[in-house]
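Under this note's numbering, the first residue of the sequence shown carries the number 146, and numbering increases by one thereafter. Glycine included, every Cβ here is placed at the ideal spot set by N, Cα and C.
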Amino acid sequence: MKRLILLRHAKSSWDRPDLPDAARPLSKRGERTAPLIGQLIVREGLIPDRILCSTARRAIQTAKRVVDAFPREPEIEEVETLYMATPREILTVLSDHGGHDGSILVIGHNPGLGDLAAWLVNEGEARDVRRLKDKFPTAALAVIDLPIENWHDLADTAVDTWSGRLVRFAVPRDLDSEEAAS
146 MKRLILLRHA
156 KSSWDRPDLP
166 DAARPLSKRG
176 ERTAPLIGQL
186 IVREGLIPDR
196 ILCSTARRAI
206 QTAKRVVDAF
216 PREPEIEEVE
226 TLYMATPREI
236 LTVLSDHGGH
246 DGSILVIGHN
256 PGLGDLAAWL
266 VNEGEARDVR
276 RLKDKFPTAA
286 LAVIDLPIEN
296 WHDLADTAVD
306 TWSGRLVRFA
316 VPRDLDSEEA
326 AS
């Protein structure tokens, strides 16, 4: 069993429309939300062994703010092919870079990340599965347990045969509600 954690980068800024897409930074809201995701990961015992991150500025900034909440920093590997990757490209990155790690956090972009989550998840709390398949907004977090022994198994399997189990799904609105309740 391997655990895959998918995190879409936090909200990006559109204040400078002249910037290339990959150079866009986080917005103020993104800067506020990313640490909340990190705190959720710590609080729920979901700290990954490794982080694979898109090379886009907003993804790297998200990774740094999330990791600031961790008691120990896992290895962060910036992977150029994660920038705007398709679901199959993300699976290839996991197969090529997963190594022996038990859990990996991938920080990337839609539509690929959200589509991959929807492809992989076939079990879990019905409400959360529906929410995940309906929309994967900025700073959405999906924790998926996969019935594989090795990350290389991802390259050999047809996606329609997956039975990944959704362990946790959270979006920024959930975090704001949880923060207000505590």
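Look at the Cβ atom of I235, then the Cβ atom of G243, and state whether they are nearer than 8 angstroms.
Judged by beta-carbon spacing, G243 lies beyond the 8 angstroms limit of I235, meaning their Cβ atoms are not closer than that value.
Whole-angstrom Cβ separation of L197 and V251, contact assumed at under 8 angstroms?
Contact between L197 and V251 holds: their C-beta atoms lie close to 5 angstroms from each other, under 8 angstroms.
Pull up the CB-CB distance for L152 and I182, whole angstroms please, since I reckon it's below 8 angstroms.
Rounded, the Cβ-Cβ distance is 7 angstroms, consistent with contact.
Enumerate in chain order the residues of its own chain whose CB-to-CB distance from A325 is below 7 angstroms, with the five nearest sequence positions on each side excluded.
Reliability fails at A325, whose pLDDT of 39 lies under 50, so the model's placement of it is uncertain and no value is given.
N-terminal and C-terminal residue of the alpha helix (DSSP H) that G183 is part of:
Its alpha helix (DSSP H) spans residues K173 to R188.
Per-residue burial, P193 [other beta carbons within 10 Å of its own, 16 or more giving buried]
Buried.
D273 to G259 span [Cα, whole Å]
Cα to Cα, D273 sits roughly 13 angstroms from G259.
Pull up the DSSP beta-bridge partners for G309, would you.
According to DSSP, which records beta bridges pairwise, G309 is partnered with V266.
Going straight from the alpha carbon of S327 to that of L320, what length do you get?
Residue confidence is low: S327 scores 46 on pLDDT, short of 50, so the model does not pin down where it sits. No coordinate-derived value is stated.
Counting C-beta neighbours from all protein chains within 10 Å, is the total for G309 16 or more, i.e. buried, or is it exposed?
With 16 or more other Cβ atoms within 10 Å, it is buried.
Can you find the residues in the same chain that come closer than 8 angstroms, C-beta to C-beta, to L261, ignoring five residues on each side of it along the sequence?
Answer for L261: L151, P232, I235 and L236, listed in chain order.
When the Cβ atoms of the region 219–227 are set against those of the region 199–207, are three or more pairs found closer than 8 angstroms?
Touching, yes.
According to DSSP, residues forming a beta bridge with G253
Its beta-bridge partners are R153.
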